[in-house]
């Protein structure tokens, strides 16, 4: 095994060094353009594409080179067990990837740490581990694609989505799923690496490990397929709800001008002043406040690529302030004098980082907003760099938290919390010393999950708020609410309109749940376990507590039964043995249609010719 | 004696194409067994199934008594395989590859290696990519023989080699002093080589076994008749043992298998005015077998 | 001393290689190039000289031994034996007929009288006997 490893590494040594140097050069170039550790979506995306995509291609090419006819015989026909040969090759591949990922990153981050005042936390070094594990995952998907006869092997790249998309609440949840994914992929590679590569995996455990992620990927494939048999035909016939809004549904509002929307939302209202509001709306200044809860709640030691803001710069004092996750302080540095400026803690300015006491340290990662604003979940601070002062500008009572950034509109600054909408006079921003006092406070008439923004109409005596959503009054209960926020603090709900129609039929709206209830629940369970604060990731209990339209339950059940039965027939046709048949029937009964698609991907197109 | 290679009713189908059909063969230990067959006769498929790289559609293949589908590393260690490309890691030096192979094979015999490599001019510090085809073949053979295998399968090892390299290769293969009684399976298109090296001749055609005997016995099976037929040849499928035939200057030259002198009588009874029997050499006998079912115009063999 | 054998083999000939060796050595003995008592090259040696499989040489040597042209001496190798006839009279007659047929076939188209041909044959046979008797004296 070691000999195989040595020989294989020798093969790619030059390439690995070349890639290392090229990457280092690329990093160096980036560092010239902008602070190297500053999160930048384009940079991150390109890095991922090159490194993770590169690892996948590398794994694929590496094994494809070996599986050419004579090369394969040369490799496999030796007194070594296949799993030892694969391990040797994969370790060599992993060494190449490790070298390319780790060396340039260490040089860059170590260099920045040692030779500049830039804040470098453990997490900046840790990012290397994240990248490495992502690359190893995609590398193993690449080798599997080359080694496994299943046409669906590449779909296991979906694992990367499960590993890279969430923003887990701690490092354990960040890395544990990656280790599991790598272990699963390695096991699948080992079992696929056999003298005859054209034979499909037959072991029940391997079928399960491979079929589940593949089925998961197929849920997206099936969702996309609605384009073909739902959206496209409707578009061609000219009946698509995007072109022809359904009168009586919330989406119909989209086809109307802002003032008419109020009229539509007040249709059926018996409020005595309904007509007055409709007329007022026509004259009113229109605006809107985003109210979709932000999902980038920063956590301590999160990947630096997720940081919303790299630093606060104060042009007057020409200083840069960065938040250190290791110290939980905002650390300052003077650009002109090239020297540290101390830190800012929860209690204000500190002369130096080393003098900070525990009470100074922030208990959560604040968001850096605008010039000199810091927001935590329930407090907004204003920093005065010249006077070295930290003032609390606004604070929420216990149990309440901001769910969006402060929204600065033409006539107001809006803060949306999980309970209320607060409107402030925009002039408060210029006021240096006073705390913010809201002009309007509007308690949400419905839970925030139901709406994504609030339309505002400025009236002579306050604002009209229009809330809308397909789940405004609860799951699958579309509606609108018109509310009058009056100057002086009083609010009045004018009308709640319930809609009976929806834009799309139930089987399109709840397609994922219908096609595979179990995968839908598992998907949500996984994401909500990683990010419990996200309201849109549902726990199994939450999903099961919902009441879907009846037909969804029926169709889902029928699909599960049909998939299981079809799997049974296909197993017979392919002459699979008892254990395999049971495995597949169970998989299809539980995971429904996506597992049936996986069956077709994981078995030859035609049953293998066979004679008794 | 040990049976080195054993197949029973071995069949491999790729879709509608049958690469090997009901192939039953037994090769005992010792000697050089030459396998000839036209391209696509199923030789490669046979080797691939013997090495377990392809799974048979039906039937069984055994190598050194073990089912080819599940060869233990220990059995693989006793079976050498050399292919026509002499696939070796191009990026490694000859010395490195030798060291690597040596580590895998406990029975490694350095003196065999050195003797074989002596037939070729291989610089151990040279990278494989820089070796000529002949040198690569030599290095490959040296390693294959030094492993002291019980069975050595050589799949067209001299393909593309020049005359000198080919001669060195054959000499090294036949005359290197070896302790073990290695059974050699030698696959080639070169009749001249086959004639020189083969103890046994295995003829394959269209996935089927046509002959497994000594070359002399094989040649004796084929007879060459020239006849002058007034009314043309009888229908080919009625001629016993018919292999090929061509017409030269109005005379019919017929090659048949497994027919005695009484075949002359048969021809006379079927319209031949004169009949003569000629001798055939190995190449012609083999060609006759291999072209048997190929449709060729009368002017060609 | 091991006798050197000056024979050639041709691939692609209708005669199998082992037959060519048998014929060649027989001719060497007949012409006196291999005198009685001379040692034949080892199987391996001749195989290497001719670049053929040693088994083929062994087979040819077996045939020669069977025909009584050579004899093995324990541990020493093969030696050209005293000329003696192992073939039956019938077999000898058959071989003569074959040889004569082949010969006649060859000379038939040449513009020689039968008498000229016979003279030449006689000369050749006399020479052969002379050579044999010369080697006997060694």
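Residue numbers (the working numbering), protein chains in the order written: chain W, 1 to 612; chain G, 613 to 913; chain X, 914 to 1051.
All C-beta atoms, glycine included, are put in the ideal place defined by N, C-alpha and C.
CB contact below 8 Å: residue i versus chain X
i                      : result
residue 644 of chain G : yes
residue 811 of chain G : yes
residue 626 of chain G : no
residue 727 of chain G : no
residue 902 of chain G : no
Chain G within 8 Å of residue i, Cβ atoms only
i                       : result
residue 72 of chain W   : yes
residue 618 of chain W  : Since the first residue of chain W shown is 1 and the last is 612, residue 618 of chain W is not available in this structure.
residue 516 of chain W  : no
residue 604 of chain W  : no
residue 124 of chain W  : no
residue 228 of chain W  : no
residue 1047 of chain X : Note that residue 1047 of chain X scores 48 on pLDDT, short of 50, meaning its location in the model is unreliable; the coordinates nonetheless yield the value given after this. No, residue 1047 of chain X does not count as interfacial toward chain G.
residue 80 of chain W   : yes
residue 1014 of chain X : no
residue 924 of chain X  : yes
For residue i, three-class secondary structure by DSSP
i                      : result
residue 58 of chain W  : helix
residue 210 of chain W : helix
residue 962 of chain X : helix
residue 884 of chain G : strand
residue 313 of chain W : strand
residue 812 of chain G : strand
residue 374 of chain W : strand
residue 854 of chain G : strand
residue 395 of chain W : strand
residue 516 of chain W : coil
Any C-beta of chain W under 8 Å from that of residue i
i                      : result
residue 689 of chain G : yes
residue 820 of chain G : no
residue 715 of chain G : yes
residue 845 of chain G : no
residue 721 of chain G : no
Chain-ordered chain G contacts of residue i [CB-CB under 7 Å]
i                      : result
residue 968 of chain X : 643 and 811
residue 927 of chain X : 891, 892 and 893
residue 965 of chain X : 808
residue 199 of chain W : 667
residue 978 of chain X : The premise fails here: residue 978 of chain X is roughly 18 Å from chain G at the closest Cβ pair, so nothing lies under 7 Å.
Supposed contact pair residue j and residue i - C-beta distance, whole angstroms, cut 8 Å
i                      : j                      : result
residue 162 of chain W : residue 177 of chain W : 7 Å
residue 108 of chain W : residue 42 of chain W  : Incorrect: roughly 18 Å between the Cβ atoms, too far for contact.
residue 587 of chain W : residue 595 of chain W : 4 Å
residue 635 of chain G : residue 820 of chain G : 7 Å
residue 442 of chain W : residue 421 of chain W : 5 Å
residue 807 of chain G : residue 924 of chain X : 5 Å
residue 281 of chain W : residue 33 of chain W  : No, residue 281 of chain W and residue 33 of chain W are not in contact; Cβ-Cβ is about 48 Å, not under 8 Å.
residue 948 of chain X : residue 993 of chain X : 7 Å
residue 92 of chain W  : residue 8 of chain W   : 4 Å
residue 939 of chain X : residue 982 of chain X : 6 Å
residue 302 of chain W : residue 167 of chain W : 7 Å
residue 500 of chain W : residue 248 of chain W : 6 Å
residue 816 of chain G : residue 654 of chain G : 6 Å
Beta-carbon proximity of residue i to residue j, cut-off 8 Å
i                      : j                       : result
residue 274 of chain W : residue 494 of chain W  : yes
residue 567 of chain W : residue 599 of chain W  : yes
residue 637 of chain G : residue 665 of chain G  : no
residue 262 of chain W : residue 236 of chain W  : no
residue 722 of chain G : residue 758 of chain G  : yes
residue 120 of chain W : residue 331 of chain W  : no
residue 800 of chain G : residue 811 of chain G  : no
residue 809 of chain G : residue 1014 of chain X : no
residue 589 of chain W : residue 551 of chain W  : no
Residues that residue i contacts on chain G, provided the C-beta gap is smaller than 9 Å
i                      : result
residue 961 of chain X : 783, 786 and 787
Chain-ordered chain W contacts of residue i [CB-CB under 9 Å]
i                      : result
residue 704 of chain G : 7, 10 and 11
7 Å Cβ cut-off: residues of chain W touching residue i
i                      : result
residue 731 of chain G : None at all; the shortest Cβ gap to chain W is about 22 Å.
Closer than 7 Å: residue i CB and nearest the ligand COA heavy atom
i                      : result
residue 268 of chain W : Absence of the ligand COA is noted for the structure shown, with no ligands found whatsoever.
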